[in-house]
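Inspection log for the structure reproduced underneath, given as structure tokens.
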Amino acid sequence: MILEDYFIDDSIIGNNNGIFDPGESVYLIVSLYNTGSKDAVNVIGFLRESDPYVNVDSVTSVFGDISSKTSKNNSSDPFIITSLSSTPKGHIATLTLAVSDDSGYVDTFWLNIKIGEGGEFLIWDPDPNQSSGPAIKSALEAVGYSGNYTTDLSPYYNELQYYLAVFVCVGIFPNNNIITDGSARGRGCLVLRPVV
Numbered sequence: 676m677i678l679e680d681y682f683i684d685d686s687i688i689g690n691n692n693g694i695f696d697p698g699e700s701v702y703l704i705v706s707l708y709n710t711g712s713k714d715a716v717n718v719i720g721f722l723r724e725s726d727p728y729v730n731v732d733s734v735t736s737v738f739g740d741i742s743s744k745t746s747k748n749n750s751s752d753p754f755i756i757t758s759l760s761s762t763p764k765g766h767i768a769t770l771t772l773a774v775s776d777d778s779g780y781v782d783t784f785w786l787n788i789k790i791g792e793g794g795e796f797l798i799w800d801p802d803p804n805q806s807s808g809p810a811i812k813s814a815l816e817a818v819g820y821s822g823n824y825t826t827d828l829s830p831y832y833n834e835l836q837y838y839l840a841v842f843v844c845v846g847i848f849p850n851n852n853i854i855t856d857g858s859a860r861g862r863g864c865l866v867l868r869p870v871v
């Protein structure tokens, strides 16, 4: 059995904006794939949290039987999780999913769930040697901040306004990264300008 996919659904019990926001309860839908040569009978999942910002309200989910070489999700019996309203935006919560079936099969998977858009910081590091970005991230995390590090800004274009701080590391001349006006990355930097 492998963990094929997982996602949150806030359309029924949440605020229906497609984001697991601080203070919100959501369904957690998990898809499992049976890699074995035999059917997995009566598959059950048990979800645990060890994160201070997340509560698992519905700990058990029944997947039922999963035929060999097929996948199945728990959308008919989803897990329910709730984030505390004090959760920092952009916080990544790690949940533990234990899966078992009637044959005695047991396995454990870890799920990383992002809460809210943005975060306390984003570090964009297109610098060729990437020496500054990881050091900044380590220093910020050491004093309790939560955020993200990336070498590709494009997945974050729609979230930039939700970060409290954005660091751009382009390197040291003459081996620095150059962001040209009109380039895709240059247009991405325009998003960083404050909106008045």
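Numbering (the numbering used here), first residue to last: 676 to 871.
A virtual CB, placed ideally from N, CA and C, is assigned to each residue, including glycine.
Note that this is a predicted model, so its numbers are computed, not measured.
Leu815: member of the alpha helix (DSSP H) spanning Ser807 to Ala817, first to last residue. The Cβ atoms of Glu724 and Val716 do not sit closer than 8 Å to each other. Nearest neighbour of Gly791 by Cα position, chosen from His766, Val774 and Pro801, turns out to be His766. Distance from Glu699 to Ser758 at the Cβ level is roughly 6 Å; contact confirmed, criterion being Cβ atoms closer than 8 Å. Residue pairing by DSSP puts Val729 in a beta bridge opposite Ser758.
A direct Cα-to-Cα measurement between Phe842 and Leu797 gives close to 6 Å. Measuring C-alpha to C-alpha distances from Tyr837 to each of Thr825, Ser807 and Pro763 identifies Pro763 as the nearest.
In this structure, the beta-carbon distance from Asn852 to Pro801 falls below 8 Å. The Cβ atoms of Val781 and Val718 do not sit closer than 8 Å to each other. Residue range Ala715 to Glu724 is occupied by the beta strand (DSSP E) that includes Asn717. For Ile790, the uninterrupted beta strand (DSSP E) segment begins and ends at Val781 to Ile790. For Thr783, the closest alpha carbon among the candidates Leu707, Tyr832 and Gly794 is that of Leu707.
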